[in-house]
Amino acid sequence: VALKRFIDDITVEAIETDIIAHLDTLISPIDMAYLPTDVVTNIAGESDNSRVRREQLTHQLDVLVKGSEICKSFMLKKLQGKFSFTPFNPLLRVDILVLGQA
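In the UniProt record's numbering, the protein residues as written are 1 to 102.
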């Protein structure tokens, strides 16, 4: 435990004194203002893969939230006695939305 703590302390000390203390010499805000857009995008931008994945996950979240709201609505109606569930009928066709394939 003591060795791990020592290593952690040395690492933090090195980062604080050698890197963070000299950040202003690496790149200044003025330098950043003159960087080309593509360079700024490469440094701070989101990759196409990350953007696509984020959009897919956002869509899936929307579907799940809407599904949850529908379930809550049916349960509320059931609890209030305004809705009765019918037994499952395999002859009825039901379309199922598969997440991620809209």
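Glycine residues also receive a C-beta, built at the ideal position from the N, C-alpha and C atoms. Just so it is clear, the structure is predicted and the values come from calculations on it, not from any experiment.
Counting only runs of at least 4 residues, the region 15-95 fully encloses the following alpha helix (DSSP H) elements, listed from N- to C-terminal order: 23-26, 29-33, 37-44 and 48-79. In the three-state scheme derived from DSSP, where H, G and I count as helix and E and B as strand, VAL12 is classed as helix. Going by C-alpha positions, GLY81 is about 18 Å away from GLU69.
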